[in-house]
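Take a look at the structure below.
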Amino acid sequence: MYRIPNALTMFRVILIPFYVLFYYLPFNFSNLVAALIFVIACLTDLLDGYLARKWQVCSRFGAFLDPVADKIMVCVALILMVSHYSKYEASYFPYISVFITLCAIVVVSREIVISALREWMAEIGSRARVAVSWIGKWKTTIQMIAIAGLIWRHDLWMVYAALVMLLLAVVLTIWSMVDYVIAGVRAINEKSAPAPEAGACQAEPADSGSSPEAASDTPEVV
27 MYRIPNALTM
37 FRVILIPFYV
47 LFYYLPFNFS
57 NLVAALIFVI
67 ACLTDLLDGY
77 LARKWQVCSR
87 FGAFLDPVAD
97 KIMVCVALIL
107 MVSHYSKYEA
117 SYFPYISVFI
127 TLCAIVVVSR
137 EIVISALREW
147 MAEIGSRARV
157 AVSWIGKWKT
167 TIQMIAIAGL
177 IWRHDLWMVY
187 AALVMLLLAV
197 VLTIWSMVDY
207 VIAGVRAINE
217 KSAPAPEAGA
227 CQAEPADSGS
237 SPEAASDTPE
247 VV
C-alpha cells in the first residue's frame with residue numbers, strides 16, 4: 027500500500043503532457059477534455075495526501091516528488107493560458123493577456139521564493155516554521171478552480187468568473203508568501219540571537235499566531 031500514494035503522484039506527472047496535447051487539439055471538445063484532465067490531476071493530489079496520512083506511509087521520495095509535480099502542473103497550465111489569451115485577446119477584453127501574465131508572474135515567483143525559503147530553513151533546522159498554512163490551502167483550491175475554468179473557457183461568463191477567482195488566488199498567494207517570509211525571518215533571528223547570560227531575564231517566546239502551522243507528514247500544497 028505504501029506505493030499507491032507515490033504511484034498517484036507519478037500518474038499526475040504523466041497527465042501533464044496529455045492536457046497540453048488536448049489544449050492545442052483543434053476540436054470542439056478538446057478544451058473540456060484538457061480541463062477534465064487537469065481536474066483529475068488535482069484530485070490525485072488530494073487523494074495521495076489523504077492515503078499517505080491514513081496509511082501512515084509517507085516517504086522521502088513522495089515528499090520530494092509531490093510538490094515538484096504540483097508546481098510543474100500549475101506552471102505549465104499558466105504558460106498555456108498566457109499563450110492562448112495573448113493570441114486571442116480580441117475575443118475577450120483589452121489587456122486580458124496582461125492581467126493573466128501578471129498573475130502568472132506572481133504565482134511562479136511565489137513558488138520560487140517559498141521553495142528557496144523552505145530549503146534554507148531546512149538547513150538551519152527550522153523547516154516547521156514554513157510549513158503549509160490554511161492560507162496556502164485555500165490559495166491552492168481557488169487557484170486550481172480558476173485554472174480549470176480558464177482552460178475550459180466554455181463561454182465568456184466562465185472566463186470572467188475564472189479571472190475573478192484567479193485574482194483572489196493571487197491575493198492569497200501574496201498573503202501566504204509574506205506570512206512565510208515573516209515566519210522565516212523570525213526563525214533566522216532566533217537562531218542567530220546570542221544565548222542569554224546566566225541570571226538574565228529570559229525573552230518571551232515568539233508569538234506563533236501569525237506563523238504557518240506546524241509541519242506534518244502531509245505532502246506540501248502548491
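In this note's numbering, the protein residues as written are 27 to 248.
Using N, Cα and C, we set each Cβ at its ideal position, and we do this for glycine too.
Those runs of the beta strand (DSSP E) which lie wholly inside the segment 27 to 112 and span at least 3 residues: Those beta strand (DSSP E) runs which fall completely within the segment 27 to 112 and span 3+ residues do not exist here.
Based on Cα-Cα distance, which residue from Val-185, Trp-183, Trp-178 lies nearest to Tyr-49? Check the Cα spacing between Tyr-49 and each of Val-185, Trp-183, Trp-178: the tightest is with Trp-178.
What number of angstroms, rounded off, separates the C-alpha of Leu-194 from the C-alpha of Ala-187? About 11 angstroms.
To the nearest angstrom, report how far apart Leu-64 and Leu-47 are at their CA atoms. According to the sequence as given, residue 64 is Phe; it is not Leu. So the two alpha carbons sit approximately 12 angstroms from each other.
Is DSSP giving Arg-179 helix, strand or coil here? Coil at Arg-179, not helix or strand.
Go ahead and pull the three-state DSSP assignment for Ile-150. For Ile-150, the secondary structure class from DSSP, reduced to helix, strand or coil, is coil.
Is Gln-82 buried or exposed, if buried means 16 or more other CB atoms sit within 10 Å of its CB? Taking every protein chain shown into account, the CB of Gln-82 has fewer than 16 other CB atoms within 10 angstroms, so this residue is exposed.
Relative to the C-alpha of Met-184, which residue among Ser-135, Ile-208, Cys-68, Tyr-118 is closest? The shortest Cα separation from Met-184 among Ser-135, Ile-208, Cys-68, Tyr-118 belongs to Tyr-118.
Anticipated Cβ contact below 8 angstroms, Gly-210 with Met-147, distance rounded: Distance from Gly-210 to Met-147 at the Cβ level is roughly 6 angstroms; contact confirmed, criterion being Cβ atoms closer than 8 angstroms.
Would you identify the three-state DSSP class for Phe-119, choosing helix, strand or coil? Reduced to three states, the DSSP call for Phe-119 is coil.
With 16 other Cβ atoms within 10 Å as the buried cut-off, status of Asp-92: Burial state of Asp-92 is buried, judged by a 10 Å Cβ sphere holding 16 or more other Cβ atoms.
Three or more C-beta pairs below 8 angstroms linking the segment 70 to 78 and the segment 31 to 46: Three or more beta-carbon pairs drawn from the segment 70 to 78 and the segment 31 to 46 are found closer than 8 angstroms, and the two stretches are therefore classed as touching.
On the three-state DSSP scale, how would you describe Thr-159? The question names Thr, but residue 159 in the sequence shown is Ser. Three-state DSSP puts Ser-159 in coil, outside helix and strand.
Quick test of your reading: Thr-199 and Arg-144, contact by CB under 8 angstroms. State the CB separation rounded to the nearest angstrom. Arg-144 and Thr-199 do not touch by the CB rule: their CB atoms are close to 16 angstroms apart, not below 8 angstroms.
Three-state secondary structure (DSSP) at Tyr-206? Residue state, collapsed to three classes: helix.
Is the Cβ-Cβ distance between Leu-192 and Cys-101 less than 8 angstroms? Going by C-beta atoms, Leu-192 is not nearer than 8 angstroms to Cys-101.
Taking the alpha-carbon of Ile-161 as reference, which of Met-203, Ile-40, Leu-51, Glu-115 has the nearest alpha-carbon? Between Ile-161 and the set Met-203, Ile-40, Leu-51, Glu-115, the nearest pair of CA atoms involves Met-203.
When you compare each of Tyr-206, Asn-54, Ile-42 to Ser-141 by their alpha carbons, which one comes out closest? The candidate whose alpha carbon is nearest that of Ser-141 is Tyr-206.
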